[in-house]
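Right, one structure below, let's go through it.
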Amino acid sequence: MQVLGLDVGGSGIKGALVDTRMGTMITERHRIPTPQPATPAAVVETIAAITGHFGWCGPVGCGFPAVVKGGVVLTAANIDSGWVGLPGKRLLEEATGCPVWLLNDADAAGMAEMVFGAGQGQRGLVLVITLGTGIGTAVFSDGHLVPNIELGHIELHGKDAETYASDGVRKKKDLTWEQWAHRVDEYLHTVERLLWPDLMIIGGGVSKKHEKFLPLLTAKTPVVPAVLRNEAGIIGAALAARHSLAATSG
Ligand code: BGC
């Protein structure tokens, strides 16, 4: 089944058609820079432009950088605060004319990794951590997603962890790989003390360069790079949409 997967990020909004059985993108990725500020109207318009680019009117799965419950956006750490409380799913359906499934972006990336990537067949507690503009986390217990777990916002050195250890901070402060790896390591140690995961999967764009920082980490839990890298968000959003549509159509 083909689904248009979308990933709304801090710097870019990306989409591609996905073969949800194979877990692969069947078109080139189309990317439009995230409008600044990322107000609801501007983001909705950008998403409609991506849908239009593909001439698509089928199911759409959209990963969004916020807590999303029942299609409603409940937080806004890295997007415009005007999103809080808005019915994102309904707004996107009205703008695109497509059935839309809206979910947290890290949950989407995590689903792709669990089904097609580094978490395949993993039992126990798996934590997928996406390091990007912010820090996104997805928690799986015996393969089942526990949605909207926001471990990117735990406190570290008296700060919101994502303002200390995200890849956005590495770029903004021009940290060396060693300096940044040390921050990520502190973050992982804190998280493992709280959750005792069996596996941690590191995703986000920077996971492409995992050899620069993963070997410097000292966490006790096995830590592996995401396999689907930057594509996980798009593929996972499409996968989630397929599952939800199958569930609602009985
Ligand atoms: C948001 C999360 C999101 C993460 C990655 C955080 O600031 O609170 O919901 O998953 O950024 O985009």
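156 is the number that the numbering used here gives to position 156 of the sequence shown; each next residue is one higher, with no gaps. Cβ coordinates follow ideal geometry from the N, Cα and C atoms, glycine included.
With the rule of 3 Cβ pairs closer than 8 Å, the stretch 111-126 does not count as touching the stretch 77-84. For Asp-142, the closest C-alpha among the options Ala-16, Lys-208, Pro-197, Gly-168 is that of Pro-197. DSSP places Asp-105 in the uninterrupted alpha helix (DSSP H) bounded by 105-116. Between Val-223 and Leu-217 a beta carbon distance of about 6 Å is seen, short of the 8 Å cut, so the two are scored as contacting. With 16 or more other Cβ atoms inside 10 Å of its own Cβ, Leu-228 counts as buried. The C-alpha of Gly-70 lies about 27 Å from the C-alpha of Gln-120.
Under the three-state reduction of DSSP, Ile-135 is assigned to strand.
Judged by the Cβ position, Glu-150 qualifies as a neighbour of the ligand BGC at the 6 Å threshold, a heavy atom of the ligand being closer than this. Excluding sequence positions up to five before and after Ser-207, its CB lies within less than 6 Å of the CB of Pro-225, Ala-226, Arg-229, all in the same chain and listed in chain order. Check the Cα spacing between His-30 and each of Glu-186, Gly-55, Pro-40: the tightest is with Gly-55.
The DSSP-derived three-state label of Ala-42 is helix.
Ala-41 counts as exposed, since fewer than 16 other C-beta atoms from the protein chains shown sit within 10 angstroms of its C-beta.
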